[in-house]
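Each residue of the sequence shown is one higher than the one before, counting from 4 in our numbering.
Cβ atoms here follow ideal geometry from the backbone N, Cα and C, with glycine treated the same way.
Following: one structure in structure tokens, then a few remarks.
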Amino acid sequence: FPTQGSLLYLDTLRTAFPQALAPQGTALLSWAPSGPRAPAGWPLPTLYCTPSEAGALPSRAAALRVQLLFALRTRALHVLEAGLATELHDALAALRAGWPGLAEDLALGRVSPQPGLPEDARGQLQALLAPDTTRAAEVRAECAQGFEGIVQRLWPQLEVVVVGTAHGAEQLYCDALCQADCKGLPFYCPFYRAAGALLGVNLWPKEPVPRFLLCPDWAFCEFLPCPAEEEPQTVLLGELWEGREYRLVLTAWPGEYRCLLPAVVVWGGLPTPAPQQPPSCSPCPRRCCAGEVLRVAGFHKQCPVVELVRRESQALSVRGESIPEERFCRSLCRAVGMWPGARLVDYVCVESALLGASSGACAPHYEVFVELRGLRDLSEGQRYKLDQCLQEDFPIYKSFRFKGSIGPLRLHLVGAGAFARLREALGSPLPMPRVLREERLLQLIQSTVIS
Numbered sequence: 004f005p006t007q008g009s010l011l012y013l014d015t016l017r018t019a020f021p022q023a024l025a026p027q028g029t030a031l032l033s034w035a036p037s038g039p040r041a042p043a044g045w046p047l048p049t050l051y052c053t054p055s056e057a058g059a060l061p062s063r064a065a066a067l068r069v070q071l072l073f074a075l076r077t078r079a080l081h082v083l084e085a086g087l088a089t090e091l092h093d094a095l096a097a098l099r100a101g102w103p104g105l106a107e108d109l110a111l112g113r114v115s116p117q118p119g120l121p122e123d124a125r126g127q128l129q130a131l132l133a134p135d136t137t138r139a140a141e142v143r144a145e146c147a148q149g150f151e152g153i154v155q156r157l158w159p160q161l162e163v164v165v166v167g168t169a170h171g172a173e174q175l176y177c178d179a180l181c182q183a184d185c186k187g188l189p190f191y192c193p194f195y196r197a198a199g200a201l202l203g204v205n206l207w208p209k210e211p212v213p214r215f216l217l218c219p220d221w222a223f224c225e226f227l228p229c230p231a232e233e234e235p236q237t238v239l240l241g242e243l244w245e246g247r248e249y250r251l252v253l254t255a256w257p258g259e260y261r262c263l264l265p266a267v268v269v270w271g272g273l274p275t276p277a278p279q280q281p282p283s284c285s286p287c288p289r290r291c292c293a294g295e296v297l298r299v300a301g302f303h304k305q306c307p308v309v310e311l312v313r314r315e316s317q318a319l320s321v322r323g324e325s326i327p328e329e330r331f332c333r334s335l336c337r338a339v340g341m342w343p344g345a346r347l348v349d350y351v352c353v354e355s356a357l358l359g360a361s362s363g364a365c366a367p368h369y370e371v372f373v374e375l376r377g378l379r380d381l382s383e384g385q386r387y388k389l390d391q392c393l394q395e396d397f398p399i400y401k402s403f404r405f406k407g408s409i410g411p412l413r414l415h416l417v418g419a420g421a422f423a424r425l426r427e428a429l430g431s432p433l434p435m436p437r438v439l440r441e442e443r444l445l446q447l448i449q450s451t452v453i454s
């Protein structure tokens, strides 16, 4: 992780939010089962009031609850930091569901036993706590009033929420948090990572849409213009045009990138070791398509500033129609808006080929699993609204549906907490996939269907 990137982040954070670097003024909500880490990329222990050991627990749910407990202990927070927006989302969901128990733990100076929390680790973490009945009473009083704006009420000196990823699949959670639990607080996504490499930094923390300055010395990047030309040729950093979209092609050293096999696709997160090379071979750079599309929003001096547009690996396609992730999400949100009282919490899609024989003798189709708030059942008319929205938004999908080449979309409602279980099963802190490609994950989400 380039030191220059960390220093730029810390300087930008301090300039925009003067008290952000106060000692013990940052709470970290981030699961790192492979070992403690700071998502900001700068492990300054004096910044954090949450012990690093809490993030390395084997269970994601246990790690987030323990980190939340230590965050609640500290009233004078200035920064709430999460590796992913989903981690903040799920930690606050745990607060909604279990605030009486968390308040009791604060009052007693206790870390309660729970699945995924080894007893020796529990003892070590509990030794860092002391009974605090005053703070426990504050938490009870604020939670009893409801959860709109709860983050600002629990931590009145909080200046900013920092998240490692606030775009793409994570944007849904950021929007929901900004409208409810984190109402009134700015969100700041400081870094752009792909393939485990740091590529850019966000120098504009108070702007609502994250933009990243691509830094030329941090990795070797090439770009393929979109839409693809007949004979596509990559261009370099100094050859980009403002307003155009490009696919990212990244070259990195083994161990500094992640390819999601079998597709040659890369998507952020922690580095994963590259395939082993024979002992006689010296390491050499690897070149792969990152599966991400960027739009050049402008330039800062001579360096391009980009916005993330979409992840190509998350497009839906059963007949070559290719419905992009962000456009499918817009269609889904439009359909949910037609269901009185409903609010979309989360969703994931499956292409029918993954179901195998269980999908029956029908045309290829999409299966969509949603978690809603404010609605416990879906009528057939409501389910059809999503298929109707897709037909209106995607003429090619409508054409395939009319010809019978694509079957009707099947929509399933899952119970509360289903997606937290799914993220636990992913096994590593990655942005939420919107198209499941593994049978075990499909079986898990199917087991949570309630309607």
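3 or more residues per run - each beta strand (DSSP E) lying fully within the segment 310–367: 346–354
Limits of the alpha helix (DSSP H) - the one that residue 226 falls within: Run containing residue 226: none in the alpha helix (DSSP H); it sits in the beta strand (DSSP E), 223–229.
DSSP three-state assignment for residue 397, whether helix, strand or coil: coil
Any 3 or more C-beta pairs closer than 8 angstroms across the segment 392–403 and the segment 347–358: no
Residue interval of the beta strand (DSSP E) (run including residue 29): 29–32 is the span of the beta strand (DSSP E), which, as asked, contains residue 29.
N- and C-terminal bounds of the beta strand (DSSP E) containing residue 12: Here residue 12 belongs to no beta strand (DSSP E); instead the alpha helix (DSSP H) covers 6–19.
Chain-order list of residues whose beta-carbon lies under 6 angstroms from that of residue 413 (same chain, five-residue window excluded): 370
Ranges of the beta strand (DSSP E) found wholly within the segment 61–109, counting only runs of at least 3: 82–85
Under the three-state DSSP convention, the category residue 198 falls into: coil
Span separating the alpha-carbon of residue 298 from that of residue 121: 45 angstroms
Buried versus exposed call for residue 208 [16 or more other C-beta atoms within 10 Å across all chains shown]: buried
Contact the segment 422–442 vs the segment 77–96: 3+ CB pairs below 8 angstroms: yes
Residue 146 to residue 183 span [Cα, whole Å]: So the alpha carbons of these two residues sit roughly 13 angstroms apart.
Pairwise C-alpha distance: residue 392 and residue 341: Their Cα atoms are separated by approximately 10 angstroms.
Range of the contiguous alpha helix (DSSP H) that encloses residue 150: Note, residue 150: premise wrong, no alpha helix (DSSP H); not H, not E.
Status (buried if at least 16 other CB within 10 Å, exposed otherwise) for residue 430: exposed
Test item: CB-CB of residue 215 and residue 194 under 9 angstroms: When the beta-carbon positions are compared, residue 215 and residue 194 come within less than 9 angstroms of each other.
DSSP-derived helix/strand/coil call for residue 381: coil
Helix, strand or coil at residue 451 according to DSSP, with G and I counted as helix: In this structure, residue 451 counts as coil in the three-state DSSP scheme.
Beta-carbon proximity of residue 450 to residue 416, cut-off 9 angstroms: no
Rounded Cβ spacing between residue 445 and residue 357 (contact assumed at less than 8 angstroms): 6 angstroms
Whole-number beta carbon distance between residue 80 and residue 119, since they are thought to touch under 8 angstroms: Between residue 80 and residue 119 the Cβ distance is about 25 angstroms, and since that is not below 8 angstroms, they are no contact.
Bridge-paired residues (DSSP) for residue 414: 371
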